[in-house]
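Be aware that the sequence shown starts at 1, since it is given in my numbering, and climbs by one per residue. The beta-carbon is built from N, C-alpha and C at its ideal position, and this holds for glycine as well. Just so it is clear, the structure is predicted and the values come from calculations on it, not from any experiment. A quick write-up on the structure given underneath.
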Amino acid sequence: MMLISNRRSVIVIMSRIKDINCIHFTDPVLSGSNNDLWIPVSDTDYFKFIENLLVINNIANNVVRIDVKLIGDTFKDFEVIYNVK
1 MMLISNRRSV IVIMSRIKDI NCIHFTDPVL SGSNNDLWIP VSDTDYFKFI
51 ENLLVINNIA NNVVRIDVKL IGDTFKDFEV IYNVK
């Protein structure tokens with residue numbers, strides 16, 4: 001996680017797990033106890049879904065933007081920029 005003034009960023013990995021679109025946060029707070037938590041997401045609004053997760057877990061006030069960082073055959077890496085809670 002990188003600090004950008006009152007903003008931070010976190011990398012989110014999106015992949016299909018057992019034929020379900022899922023995301024994984026690289027931040028320790030949302031990555032699960034063994035760093036293996038995958039959260040299923042619908043195909044609708046990834047931005048709002050990720051923003052809601054960060055807000056509900058008292059990590060962010062809001063998400064500013066989501067940038068695609070890397071696209072592989074079975075995954076996409078996103079950088080999520082958000083305002084610190």
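Spatially closest choice to Thr44 from Phe75, Asn83, Cys22, Ile11, by CA coordinates:
Cys22
Under the three-state DSSP convention, the category Asn52 falls into:
helix
In DSSP terms, what Pro40 is bridged to:
Cys22
Do Val80 and Val10 have their beta-carbon atoms positioned less than 8 angstroms apart in this structure?
yes
Phe49 versus Asn6: straight-line alpha-carbon distance, rounded:
22 angstroms
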